[in-house]
Amino acid sequence: MIATVIALPALSALLLLTLGKRSNKFGPGLAIAASTGSFLIGLWQFLQMAARPEEERAVITTVYEWLAVPAAGFKVNFALQLDQLSISFVLLITFVGTLIHIYSLGYMSHDENKRKFFAYLNLFVAAMLLLVLADNYLLLYVGWEGVGLASYLLIGFWQHKPTAAVAAKKAFVANRVGDFGLSLAIMTMFIVFGSVSFSDVNQGISGAPAWVSLTLGLLLLLAACGKSAQFPLQSWLLDAMEGPTPVSALIHAATMVTAGVYLIVRSASIFNASEIAQTAVVIIGAISLLMGAIIGAAKDDIKKSLAGSTMSQIGYMVLAAGLGPIGYVFAILHLITHGFFKAVMFLGAGSVMHATNDNVDMRRYGGLSKVMIFTTITFFIGYLAIIGIPPFAGFYSKDHIIEAALSHSWWAGAAVLFGAGLTAFYMTRMVVMTFVSKPRWEDDVHPHESPLSMTLPMIVLSIGAASLGIILTNDHMFEHWLEPVTGFVEPEPPFSIQTITIITLSVVAVGVLAAIWQYRKIAKVAPKKVSLVVAAARKDLYGDVMNEALLMRPGQGLTRLLNIFDKSVVDGFVNGIGSFTGGVSARLRRSETGYVRSYAMSIVLGTAILVVALLIVGL
Amino acid sequence: MNFPWLLLILLTPLIATVLLFIPKKYVVFKDNQIALYSSLITLLFVIVVALQFDINSNSATQFDISFDWIPIFGISFHLGLTGISLVLVGLTAVLTPIVLLATEHEVQKKNKEFLMWILLTQACALAVFLARDLFLFYVVFEAMLIPIFFLVGRFGGPRRSAAALKFLLFGLAGGLVMLAAVIWLYFVGASQLGRGTFSITALSNELSIDTWTERWLFLGFFFAFALKAPMVPGHTWLPDTAEQATPGTSTMLIGILDKVGTYGMLAILLPIFPNASREFAPAIIGLAVFGIIYGALLAIAQKDMKRTFAYISISHFGFIVMGIFSFTSIGMLGSMVYMVAHGISTAGLFLTAGYLIRQKDNSLINSFGGLTKVAPVMTGFFLISSLASIALPGMAGFVAEFMVLTGTFQRYPIPAIIATLAIILAAIYMLWLYQRVFTGAEVKESKNIVDLNKKQILILSPIVVLTVLFGLYPAPVVKIAEQAVSNTMTYVGAVDPQPLIGKAVTP
Amino acid sequence: MNPSAYLVLSGIIFSIGALGVLLRRNAIVAFMSVELMLNAANLAFVTGSRVWGQLDGQTTAFFVMVVAAAEVVVGLAIILTIFRTRNSASVDEASLLRW
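Quick mapping for you: the protein sequence lines, in order, are chains B, E and W.
Under the working numbering, the first residue of the first sequence is numbered 1, with each subsequent residue one higher.
Under the working numbering, the first residue of the second sequence is numbered 1001, with each subsequent residue one higher.
Under the working numbering, the first residue of the third sequence is numbered 2001, with each subsequent residue one higher.
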């Protein structure tokens, strides 16, 4: 049954891609139907699961035997694991996914390749569902690369733009660096445990030597960094904004980029067994959340600013996941609330771009609240949610992460608190520049509200962004729900919860006020003279520069050098043998003079030598 | 004697070759039809054989056919089927009709000759995979050079004669060393067993060669197989040949015939020289890993599409060799799947790109751009072939690569880790090529490119279907080859490593 | 019977013939020198036959004569043809079959 959740969008994608132009008419409708169907089945499964007693909620369905080498005890099933964690993801993916399908109907209405776009979206949904439903790491890997492929196709959807094509390739390659880690992790699991299924690894890890959990932890962290755009593999996410905005909302904000967090939480038993690996996760999360926030605060491109924010928010989740059982639940909670409020803001940004002839420069926005009511309101709800104002969703998830971080160590707490301030700053900046301040529109821009197909998903998502926090944390519902899968320990922060809330809110207030003060006047062109931090942040904190200097340039040099080496040395050796033989024979043939007597001479000499030789031997 | 299925398989392309030259008034079919039908009949026979193949049988070979050939030297015309050969025979039988269909209009003049050489290539490939007599194996191993030599030398780019000569000389060099080894092996066998024999089964089962002789003989055979496969540093003929040859020829050559090298390692080298194989395995693994990375890096640097594909193949052959010499069931079976996956993806790359290259007579990467707009279907097929080639999960290449890497990782962790780096390089070389040729702004060269028509789509579809099919369900290949691989493991005396902890393996 | 005198004579004649072939350019002379060598060999054969008292050597000598005769027929014809086309019987002139 659960397989149909994946099969529906997968088949729809297959159909749309094979039928080609013939399915142009009904394509988008079919894609939306497939996604909706998937959601409904997921919902039904969820209700059934919730009705079952806690111990019987997790179910593994084996579809067929995928790969088996009995002689080596190697067996991987195509099996789906439906438990509390995966069903949460299924609901998030299909719900947000369906809404974004609907949104795309309006956003992509003028694109001639609309059908292809919807096919890719379906493909993505299917792959993402496979990722979260797989019952073993190898099958997870299939979904993992599947979403990477969908992301590649969608970032590069406007392939005529060279920047889009480059960004798509960059995303895929960065992801492959992460996959390197995942591949090695899976192989290590096999040689250690003889199996790659979650349950076997979970069982085996307790009896394994320390190096196993450490190695696996670090390798999985590398994988998560690639997929979730965490330091040091973060640079692709900003470029990925070349893709259509619904893609940025669904893939590069709400779902795919959070797969790294899923991976860490799913591998909880491995990380629990290695403190060093956990600390590494926390450090990576902290670095990424600060880097992302700083980048987000300096970008004038609304999508890139949001991308920086995504990186930062995922940093929160990763950090929370690194905290161990006190953090897993909140990492997932933040992941879900983030899925809603970030999606709504990306869709809002898309709506704004739609209204301003696809301009992304916030310095040419301003005053849009007057013409775009729904967009402004929904965006504002998302804004309140992300900076963590009660009772909006982000408050609950982020506050819990801050509590957990504070009970872990002072530096992790400081990082998340500072991050909260930065978040407030850059988000306020975005809202001020886009909606509040005086209009700075280009001359030919006449902003207008978007059609219903676009506003409706935003409204639905904003309701979620407003209310999910209260609903899910009410009576510790979400903690209890996930506890059987991830384990849960109540955090014990050094201060009381009220104190922490007050501290957090005041940090947020400082950020908001600073932004309002800073952006009371906005120039139409970005100022040239800026502090070093801003200059660095505008260049993505030199992530690309480092990649280029450390990897790309030397790599290009190496390949060029090797090419010359191959041609001149390796092939040169072979050709050398050829020309040596040719040269020698050219000289040797000179001995063939054509004079009969010289041939006769050689016969006589040969005979004489033979005679002499025979005489010597005979003697 | 059983029904001579294998003989039928082998004779079909040969008979078709003869039919090509019967005057047209006696034959109702056109040349292309003769070739195509014969390849389809071969495929049919192979399917029949595959259905009757007993995957659990313990005997070394099935469907044996044997005639005395030169009895005084113990040479017989012996055909037999192991699981390993069945997989490769299947690959040959599937790819040949696809190549024939895809290259239908490749050569206007000399079409008859082209078809003849393609069919002879197929016959040689089939014979080499079916031969169970070392002498017969050697003869077809050498004979294989002839059709490819003419295919490259007579149909191809401007520097095709040089390329063909280079190919031939490499092949002859390997063959010569192998001939010396074959003769030496004969005398070793004759003095030890009291009778000369070339039977591969007998040589593997009954011979125990003294250490140094075994080493030299091993190296002799390995040299030939490594040049054929090809492994770095004996690889330089492949890019030159692929660059000059037509896409159809390249598919036959790289997709099928180069597998003879790796097949020889698995089916001849390991069973006959188990001790030397074990001894040299670490060195060969090292060479293979070097080749994997080296080929991948060079693939990035190429300016010509066909050369890129050639270097990609060199990298992939590194994987196959690595899997074979890992001496683990997973690694060896992974190599089997890899050979199939590589054959299919190579065909996809060469044939799809072939449709493009033929239109402009130009295979330089930089002269194209923005093709996705003018030829979306071609773009799609190329992308799928690329993804298959870089082992995207869900496609055959992934299963293969993962198995090879895991198998190697069980015994040689460090080389396996280095080889895993290739998955990053693979993304770079393939997607960069794709980006430059298919995306971006349309350039002049790609303005009037015609997209694939329905027929061409139909021709290429089986490739895509097979890639995905084996990616999601590799069991057919694994099950067929399993027993043969486990026999090889027994010859080598290798036992699969047990997991460090966790459940014990039930054999 | 002591064969040494005969063998020495045979050796001398053979050497004269060999030197003639090597040194003379005129085709006819070179040809006659070859005959000389053949006959030196014949002498050695006959001597051997006499020493061992068997007829093998004599028979071989006859064979050599037959071969020599055949050779003369073919050889002279070639020389004649060369002389007709080139107006010269020098063996050095006919050196076209070189590298």
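Where is the CB? At the ideal position from N, CA and C, for every residue including glycine.
Since we're looking at a predicted model, the values are computed, not measured.
Worksheet item: Which full runs of the alpha helix (DSSP H) of 4+ residues lie inside the segment 107-185 of chain B, going along the chain?
Response: 114-133, 137-155
Worksheet item: Hey, would you say P484/B sits closer than 7 Å to E112/B, going by beta carbons?
Response: no
Worksheet item: Which first and last residues belong to the alpha helix (DSSP H) in which D239/B is found?
Response: 235-239
Worksheet item: When you compare only the Cα positions, how much space is there between L2096/W and L2076/W?
Response: Approximately 19 Å, taken between the alpha carbons.
Discussion item. Can you tell me where the alpha helix (DSSP H) holding A68/B begins and where it ends?
Written reply: Where A68/B is concerned, there is no enclosing alpha helix (DSSP H), although the beta strand (DSSP E) it sits in stretches over 59-69.
Worksheet entry | For L1405/E, the nearest candidate out of L1466/E, N1111/E, G1334/E (CA to CA) | G1334/E
Fill in: From L333/B, L99/B, L214/B, L105/B, residue whose alpha carbon lies closest to that of N24/B
L105/B
Practice prompt. Give me whichever residues DSSP pairs with K75/B in a beta bridge.
Written response: A68/B
Worksheet item: Exposed or buried, H480/B, counting other C-beta atoms within 10 Å across all chains shown (16 or more means buried)?
Response: exposed
Item to complete: Return helix, strand or coil for S531/B, following the three-state DSSP convention.
Response: coil
Discussion item. Am I right that A259/B and W410/B are in contact with their C-beta atoms under 8 Å? What's the rounded C-beta distance?
Written reply: With a Cβ gap of about 30 Å, A259/B and W410/B do not count as contacting.
Fill in: Beta bridge counterpart(s) of F1077/E as assigned by DSSP
F1077/E is bridged to F1067/E.
Worksheet item: Tell me, which residues are paired with S2090/W by DSSP?
Response: N2026/W
Worksheet entry | Test: F193/B CB closer than 7 Å to a CB of chain E | yes
Worksheet entry | Residue from I377/B, V525/B, P391/B whose Cα sits closest to the Cα of S467/B | P391/B
Worksheet item: Of all Cβ atoms in chain W, is any one closer than 7 Å to the Cβ of A600/B?
Response: A600/B counts as touching chain W.
Worksheet item: So, is the C-beta of G594/B closer than 7 Å to a C-beta in chain D?
Response: No chain D is part of this structure, whose protein chains are labelled B, E and W.
Worksheet item: From which residue to which residue does the alpha helix (DSSP H) around A1375/E run?
Response: Run containing A1375/E: none; DSSP gives neither H nor E here.
Worksheet item: Less than 7 Å separating the beta-carbons of P209/B and I326/B?
Response: no
Worksheet entry | Interface residues of chain B facing A1441/E [CB-CB closer than 9 Å] | H160, K161, P162
Fill in: Selected residue, minimal CA-CA separation from L237/B, among I284/B, S267/B, I155/B, E275/B
I155/B
Discussion item. Closer than 6 Å to a non-hydrogen atom of the ligand PLP - does that hold for the CB of F1309/E?
Written reply: Among the components modelled here there is no ligand, and therefore nothing to report on the ligand PLP.
Practice prompt. Kindly indicate which three-state DSSP category A355/B falls into: helix, strand or coil?
Written response: The answer is helix: DSSP assigns A355/B an H, G or I state.
Fill in: Interface flag, S183/B vs chain E, CB-CB below 7 Å
Residue-level contact check: S183/B touches chain E, since one or more beta carbons of chain E fall below 7 Å from its beta carbon.
Worksheet item: Does the distance from the CB of I1084/E to the CB of A1475/E come in under 7 Å?
Response: no
Practice prompt. Write down every uninterrupted run of the alpha helix (DSSP H) in the segment 1262-1341 of chain E whose length is 4 residues or greater and which is fully enclosed by it, in chain order.
Written response: 1274-1301, 1305-1324
Worksheet item: Does the segment 343-358 of chain B come close enough to the segment 231-246 of chain B to have 3 or more Cβ pairs within less than 8 Å?
Response: yes
Item to complete: Take Y1263/E and list the residues in its own chain whose beta-carbon comes closer than 8 Å to its own, dropping the five residues that flank it on each side.
Response: I1084, S1085, L1088, V1128, F1129, M1339
Discussion item. By alpha-carbon positions, which one of L123/B, E56/B, I2/B ends up nearest to L15/B?
Written reply: A check of alpha carbon separations from L15/B across L123/B, E56/B, I2/B identifies L123/B as the nearest.
Worksheet item: Can you list, in chain order, the stretches of the alpha helix (DSSP H) that have 4 or more residues and sit fully within the segment 1104-1189 of chain E?
Response: 1111-1130, 1134-1143, 1145-1154
Worksheet item: Roughly how many whole angstroms lie between the Cα atoms of S496/B and A404/B?
Response: Computed Cα separation, rounded: 12 Å.
Practice prompt. Could you tell me which chain E residues have their CB closer than 7 Å to the CB of R176/B, listed as they occur along the chain?
Written response: I1423, I1424, A1427
Item to complete: Tell me whether P554/B is buried or exposed, calling it buried when 16 or more other Cβ atoms sit within 10 Å of its Cβ.
Response: exposed
Worksheet item: Is there contact here, the segment 424-438 of chain B with the segment 301-321 of chain B, by at least three beta-carbon pairs under 8 Å?
Response: yes
Worksheet entry | Three-state secondary structure (DSSP) of A1245/E | Looking at A1245/E - three-state DSSP - the assignment turns out to be strand.
Worksheet item: Roughly how many whole angstroms lie between the Cα atoms of K1373/E and A1093/E?
Response: Cα atoms of K1373/E and A1093/E: separation of roughly 35 Å, rounded to the nearest angstrom.
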